[in-house]
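A.B. asks:
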Amino acid sequence: MRTLLVTGGAGFIGGNFVLRCLAQDPQVRVVNLDLLTYAGNLDTLVTLRSDPRHVFVQGDIADASLVGHLLAQHQPEAIVNFAAESHVDRSIDGPAAFVQTNITGTFTLLQEALAYWRLTSGSRRDRFRFLQVSTDEVYGSLGPCGAFTESTPYAPNSPYAASKAGSDHLVRAWHHTYGLPTLTTNCSNNYGPYQFPEKLIPLMILNALDWQPLPVYGDGLQVRDWLFVHDHVAAINAVLQRGQPGAVYNIGGQCERTNLQVVQAICTLLDDKLPAADGGKRSGLIGYVADRPGHDRRYAIDCSKLMHRLGWRPATRFEQGLDQTIDWYLANLAWVERVRDGSYQGERLGLDPRAGDRA
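Every letter in the sequence shown is one number past the one before it in my numbering, and letter 116, counting from 1, is 141.
1. What I want to know is whether the C-beta of residue 339 ends up closer than 7 Å to one or more non-hydrogen atoms of the ligand NAP.
2. Mind checking which residues open and close the alpha helix (DSSP H) that includes residue 353?
3. Within its chain, find whatever has a CB closer than 8 Å to the CB of residue 177; leave out the 5 residues flanking it on each side and keep chain order.
4. With a threshold of 8 Å, are at least 3 pairs of Cβ atoms found where one atom belongs to the region 172 to 186 and the other to the region 332 to 352?
5. Inspect the beta-carbon positions of residue 54 and residue 258 and report whether they are closer than 8 Å.
6. Could you check which residue in 139, 349 and 181 has the C-alpha nearest to that of residue 227?
7. With DSSP run on the structure shown, which of helix, strand or coil describes residue 374?
8. Of the residues 312, 189 and 171, which one's Cα is nearest the Cα of residue 7?
9. When you compare each of 103, 230 and 60 to residue 26 by their alpha carbons, which one comes out closest?
10. Which residue wins for smallest C-alpha separation from residue 268, given the options 154, 344, 305 and 292?
11. Quick check on the DSSP output: the alpha helix (DSSP H) that includes residue 187 runs from which residue to which?
12. How should residue 362 be labelled, buried or exposed, when 16 other C-beta atoms within 10 angstroms of its C-beta is the threshold for buried?
13. Quick check: what's the CA-CA separation for residue 412 versus residue 239?
14. Closest to residue 68 by C-alpha separation, out of 110, 218, 107 and 229, would be which residue?
15. Quick one: what's residue 173 bridged to in DSSP?
16. Could you check if residue 150 is buried or exposed, using at least 16 other CB atoms within 10 Å of its CB as the buried criterion?
17. Can you tell me whether residue 130 is helix, strand or coil according to DSSP?
18. Let me make sure I understand the geometry here. Which of 224, 82 and 209 has the alpha-carbon closest to that of residue 403?
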């Protein structure tokens, strides 16, 4: 039985990772450490409630005593770090939490992982990995051509991206300075089941479902490479199992779309699934609002290294994944309502660039 310590495993990507790992591999056991902030939701893990292979612990990755205790008690062969403050608009309003979790928290994990790894020996020491799950936003913004590669210089433009860049640099340093066998993945924009409703795709699905306004930032022509979360999980498993210690792997969906194209596609799919009695079209709900401060214009990922060296490739076309995502939200509106019972009710975040001065 392989044991993984997964941090942030009640969040969107981490939760999907935990669910699919336990469903696909009977020899995996997961110790799931999550602080359960606004984006962490135990409802995502309800099917694992009676599964002895899933051990949930509510706690902070910046709590060195707790992390050290979990490592000593459960003896994992890998740490997969999903735990992060991850919403750009929230980082504009309150960057301090992003520095605390993403930088200080990752530092604490690395320190405790290093102490644990140094005490292991033989095959357990050889197998151990620390996998840092990061983002393409650390690279900054692209022009109309080209794509981010693993050698693209970091140039983060938001407090969120800067905090993830800082944590990535720490991971790199702990490998090169101390020899800790680390892996880093930088992914493009994820979408799919269980995503917190303030993100673009679920927010637009839910607003369009209720015939509410669909606010598009700026001109809506910002380009993102969209990655279905199940494809992302498969990529992380490939890196975890076959990746070279110290290496960085970019993960992309090879599905570039403008934000406006994404919203229009959601409207079209919902009109087909739930047509209005009067024949109205949800695209009429689209409106343009002031752009986000420091909004990067385009991201695109070159994931050829991952495909050629580890044999992974994205399996889900954007239209296929979006259709599955909409069907999931339509079938899980009770999950949505329980999430919305918390502090986020669909309001616009990240409006005031001066808010960071008050954090």
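Virtual Cβ for every residue (Gly too), placed ideally from N, Cα, C.
C.D. replies: Reading it off the structure:
1. This structure lacks the ligand NAP; in fact it carries no ligand of any kind.
2. Reading the sequence shown from its first residue, position 328 is the one you call residue 353. Counting along the chain, the alpha helix (DSSP H) containing residue 353 begins and ends at 343 to 356.
3. Counting from 1 along the sequence shown, the entry for residue 177 is found at position 152. Annotation for residue 177: 164 place their beta carbon closer than 8 Å to its own, counting only its chain and skipping 5 residues before and after.
4. no
5. As a working mapping, residue 54 is identified with position 29 in the sequence shown. As a working mapping, residue 258 is identified with position 233 in the sequence shown. Their beta carbons are not under 8 Å apart, which means residue 54 does not touch residue 258 by this criterion.
6. Here residue 227 is taken as the residue at index 202 of the sequence shown, counted from 1. Nearest of 139, 349 and 181 to residue 227, Cα basis: 349.
7. The count along the sequence shown starts at 1 and reaches residue 374 at position 349. Only weak support exists for where residue 374 lies, its pLDDT of 41 falling under 50; the coordinates are left without a value.
8. Only positions 26 to 384 of the chain appear in this structure, which leaves residue 7 out of reach.
9. Locating residue 26 in the sequence shown gives position 1, where the first residue counts as 1. The residue with the shortest Cα to Cα distance from residue 26 is 103.
10. What you label residue 268 is simply residue 243 of the sequence shown in a count that begins at 1. Checking every option, the nearest Cα to that of residue 268 belongs to 154.
11. In the sequence shown, the residue the question calls residue 187 occupies position 162. Segment 184 to 203, the alpha helix (DSSP H) holding residue 187.
12. Within the sequence shown, numbered from 1, the residue matching residue 362 stands at position 337. Residue 362 should be labelled exposed.
13. Because residue 412 is not part of the residues shown, which for the chain are 26 to 384, the question remains open.
14. The sequence position of residue 68 within the sequence shown is 43, counting from 1. Among 110, 218, 107 and 229, the Cα nearest to that of residue 68 is on 218.
15. In the sequence shown, counting from the first residue as 1, residue 173 sits at position 148. Looking at the DSSP assignment, residue 173 forms a beta bridge with 326.
16. Sequence index remark: in the sequence shown, residue 150 carries index 125 (1-based). Exposed, since its Cβ has fewer than 16 Cβ neighbours within 10 Å.
17. In the sequence shown, the residue the question calls residue 130 occupies position 105. Residue 130: helix per DSSP, three-state reduction.
18. Nothing about residue 403 can be reported from this structure: the residues present for the chain run from 26 to 384 only.
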